[in-house]
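J.: One structure follows; several queries about it will come next.
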Amino acid sequence: MSTLLVTGGAGFIGSSFVRYAIEHTTHNIVVLDKLTYASDKASLDGLPSERVELVVGDISDASLVDELTAKADAVVHYAAETHNDNSLLDPSPFLETNLVGTFTLLEAARRHRTRFHHISTDEVYGDLELDDPAKFTAETPYNPSSPYSATKAGSDLLVRAWVRSFGLEATISNCSNNYGPRQHVEKFIPRQITNVIDRVRPRLYGKGENVRDWIHADDHSAAVLAILERGRTGETYLIGADGEKNNLEVIQTILREMGESADAYDHVKDRPGHDLRYAIDSSKLRDELGWTPQFTDFTAGLRDTITWYRENEQWWRGQKADAEAKYSASGH
Numbered sequence: 001m002s003t004l005l006v007t008g009g010a011g012f013i014g015s016s017f018v019r020y021a022i023e024h025t026t027h028n029i030v031v032l033d034k035l036t037y038a039s040d041k042a043s044l045d046g047l048p049s050e051r052v053e054l055v056v057g058d059i060s061d062a063s064l065v066d067e068l069t070a071k072a073d074a075v076v077h078y079a080a081e082t083h084n085d086n087s088l089l090d091p092s093p094f095l096e097t098n099l100v101g102t103f104t105l106l107e108a109a110r111r112h113r114t115r116f117h118h119i120s121t122d123e124v125y126g127d128l129e130l131d132d133p134a135k136f137t138a139e140t141p142y143n144p145s146s147p148y149s150a151t152k153a154g155s156d157l158l159v160r161a162w163v164r165s166f167g168l169e170a171t172i173s174n175c176s177n178n179y180g181p182r183q184h185v186e187k188f189i190p191r192q193i194t195n196v197i198d199r200v201r202p203r204l205y206g207k208g209e210n211v212r213d214w215i216h217a218d219d220h221s222a223a224v225l226a227i228l229e230r231g232r233t234g235e236t237y238l239i240g241a242d243g244e245k246n247n248l249e250v251i252q253t254i255l256r257e258m259g260e261s262a263d264a265y266d267h268v269k270d271r272p273g274h275d276l277r278y279a280i281d282s283s284k285l286r287d288e289l290g291w292t293p294q295f296t297d298f299t300a301g302l303r304d305t306i307t308w309y310r311e312n313e314q315w316w317r318g319q320k321a322d323a324e325a326k327y328s329a330s331g332h
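The numbers in the sequence shown follow UniProt numbering, run straight up by one, and end at 332.
See below:
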C-alpha cells in the first residue's frame with residue numbers, strides 16, 4: 001500500500017481518478033485542492049475516510065506542498081485552471097496555478113525524491129486542419145493558441161526540464177477532451193445537457209465544425225494509473241480513445257438522447273482563436289503499457305452521463321446560474 005498525493009482531486013478528472021484508484025488499487029490518497037469554483041468536495045462523497053483525506057490548500061503554498069509531498073510515495077498532478085473562455089477573459093490565474101503551482105510541486109518532489117506524474121492536455125499542440133489525416137503524437141511540436149494551453153505547455157516544459165536537469169522521476173500525459181459525471185457545467189457537454197434539462201436551447205459556437213477527440217473520464221483514469229505504475233521516466237504518453245466528433249454531432253446526439261429535435265439549438269459567435277480539430281494517436285500508450293479504452297461507444301457513454309446529470313441535480317444546480325451569467329456577459 002502506498003500514499004498518493006493527488007492535486008486537484010476534487011475537480012472533474014481529478015475526482016474521477018481518485019474514485020478509480022480507490023476501486024482498483026489499495027493506495028491511500030491525500031487530495032490537495034483549493035476548492036475553487038471548478039471543484040467540489042461533494043465529488044468525493046461516499047469514498048472511505050480511512051483511505052481518502054481532503055486537504056484544502058493552494059499548490060503554490062510551498063510549505064504545505066512540501067509537508068504533503070514528504071509523506072507521499074507519488075504525486076499525481078491534476079490541479080490546473082482549465083477553461084479556455086476564462087483564460088481569454090483573465091489569463092492571470094492560469095499563470096499562477098499552471099506555472100507557479102507546477103514549479104512549487106516539482107521543487108517539493110525534487111527535494112523528497114518523489115515519483116511525479118503530470119496531467120496535461122492535447123491543446124498544447126495547437127490544432128489540426130479538419131481534413132488533415134494526421135494525429136497528435138508525443139513528437140508533435142507545441143503550438144498553443146490560448147493563455148490556457150500556453151500555460152499548460154509551459155508546465156509540461158518545466159517537468160521535462162526537472163527530469164533532465166535534476167533527475168526527477170517524472171512522466172507526462174496529454175489527454176484529449178474528457179466527458180462523464182461530475183464535470184462543471186461551464187464545460188461543453190454538461191452545459192448542453194443542463195440547458196436541455198432547464199428547457200433552454202443549447203448554444204453552438206460558429207458552425208459547430210470544430211472537432212474534439214472525446215474520452216470517458218474513467219478511461220483517462222485507467223490510463224493515468226497505468227502510466228504511474230509502468231511508465232518510463234521522462235516519457236510523454238498521449239491518452240485518447242479514437243472518439244473524434246465535431247461539436248454539431250455532439251449537440252445533436254445530446255438532443256436526440258434527451259428526446260428533443262436534433263435541430264433545437266442556436267448558433268452563437270465563435271470563440272476567438274477557436275482550435276479546429278484535436279486528434280490523439282495513443283498507440284505508444286497502448287503498445288508499451290497495454291492500456292485500451294473501455295468506453296468505446298460514445299453515444300452509450302453520453303447516455304450514461306445524461307442520466308447522471310438528470311439524477312444529480314443537487315450537485316450541479318448551484319453552479320448553473322454563475323456559469324450562464326459568465327457566458328451571457330461574453331455574448332455566448
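No residue lacks a Cβ here, since even glycine has one placed at the ideal position from N, Cα and C.
Give the range of the beta strand (DSSP E) segment to which D213 is assigned.
T.: Your numbering for residue 213 matches position 213 in the sequence shown. Segment 211–213, the beta strand (DSSP E) holding D213.
J.: For L276 versus L88, is the C-beta distance shorter than 7 Å?
T.: As a first step, residue 276 is located in the sequence shown; it is residue number 276 there, counting from the start. As a first step, residue 88 is located in the sequence shown; it is residue number 88 there, counting from the start. Result no, Cβ atoms of L276 and L88 do not sit closer than 7 Å.
J.: Check whether the stretch 69–77 and the stretch 104–118 are in contact - that is, three or more C-beta pairs closer than 8 Å.
T.: These segments touch.
J.: Output yes or no for whether 7 Å exceeds the beta carbon distance between A170 and T104.
T.: Counted from its first residue, the sequence shown places residue 170 at position 170. Counted from its first residue, the sequence shown places residue 104 at position 104. In this structure, T104 does not lie closer than 7 Å to A170 by Cβ.
J.: Measuring only the C-alpha atoms, how far is I29 from T233?
T.: The residue given as residue 29 occupies position 29 in the sequence shown. The residue given as residue 233 occupies position 233 in the sequence shown. Whole-angstrom Cα-Cα distance: 22 Å.
J.: Where does D33 fall in DSSP's three states?
T.: What you label residue 33 is simply residue 33 of the sequence shown in a count that begins at 1. Note: D33 maps to strand in three-state DSSP.
J.: With a threshold of 16 other CB atoms inside 10 Å of the CB of H27, please say whether the residue is buried or exposed.
T.: In the sequence shown, counting from the first residue as 1, residue 27 sits at position 27. Result: buried.
J.: Compare the C-alpha of A300 against each of S283, V250, Q319 and name the closest.
T.: Counted from its first residue, the sequence shown places residue 300 at position 300. For A300, the nearest C-alpha among the options comes from V250.
J.: Exposed or buried, what is D322 when buried is set at 16 or more other beta-carbons lying within 10 Å of its beta-carbon?
T.: Here residue 322 refers to the residue found at position 322 of the sequence shown. When all chains shown are included, D322 counts as exposed.
J.: Going by beta-carbon coordinates alone, are S120 and N174 separated by less than 7 Å?
T.: Working through the sequence shown from its first residue, we reach residue 120 at position 120. Working through the sequence shown from its first residue, we reach residue 174 at position 174. Yes.
J.: Who are the Cβ neighbours of G213 in its own chain at under 6 Å, not counting the five residues just before and after it?
T.: Position 213 of the sequence shown, counted from the first residue, corresponds to residue 213. Reading off the sequence shown, one finds Asp at residue 213, where the question assumed Gly. Around D213: S176, G240, G243, E244, Y278, A279, I280.
J.: So is L44 buried or exposed if we call it buried at 16+ other beta carbons inside 10 Å?
T.: Your numbering for residue 44 matches position 44 in the sequence shown. Label assigned to L44: buried.
J.: Under a three-way DSSP split, which group does V200 fall into?
T.: Counting from one through the sequence shown, the residue named residue 200 turns up at place 200. V200 falls in the coil class under three-state DSSP.
J.: In chain order, which continuous runs of the beta strand (DSSP E) of length 3 or greater are located wholly inside the stretch 249–293?
T.: Counting only runs of 3 or more, we get 266–268.
J.: Thinking C-beta only, is E107 closer than 7 Å to T97?
T.: Here residue 97 refers to the residue found at position 97 when the sequence shown is read from its first residue. Here residue 107 refers to the residue found at position 107 when the sequence shown is read from its first residue. Not closer than 7 Å, so no.
J.: Cβ atoms of T236 and L158: under 7 Å apart, would you say?
T.: Locating residue 158 in the sequence shown gives position 158, where the first residue counts as 1. Locating residue 236 in the sequence shown gives position 236, where the first residue counts as 1. Cβ atoms of L158 and T236: not closer than 7 Å.
J.: Taking all protein chains shown into account, do 16 or more other C-beta atoms lie within 10 angstroms of the C-beta of A312, making it buried, or fewer, making it exposed?
T.: Position 312 of the sequence shown holds residue 312. At residue 312 the sequence reads Asn, which differs from the Ala that was named. The residue in question, N312, is exposed, as its Cβ has fewer than 16 Cβ neighbours within 10 Å.
J.: Have a look at I306 and G167 and give me their C-alpha separation to the nearest angstrom.
T.: Within the sequence shown, numbered from 1, the residue matching residue 306 stands at position 306. Within the sequence shown, numbered from 1, the residue matching residue 167 stands at position 167. Answer to the nearest angstrom: the Cα atoms are 44 Å apart.
J.: By Cβ distance below 6 Å, which residues in the same chain neighbour G206 in space, the five residues on each side in sequence not counted?
T.: On the sequence shown, residue 206 is found 206 positions in, with the first residue counted as 1. These residues qualify, in order along the chain: D270.
J.: Going by the beta-carbon positions, is the gap between R191 and Y265 smaller than 7 Å?
T.: Within the sequence shown, numbered from 1, the residue matching residue 191 stands at position 191. Within the sequence shown, numbered from 1, the residue matching residue 265 stands at position 265. No, these two residues do not count as a Cβ contact at 7 Å.
J.: Evaluate D40 with the Cβ neighbour count: other Cβ atoms within 10 Å of its Cβ, from every protein chain shown; 16 or more gives buried, anything less gives exposed.
T.: Along the sequence shown, read from residue 1 onward, the residue named residue 40 stands at position 40. Flag for D40 reads buried.
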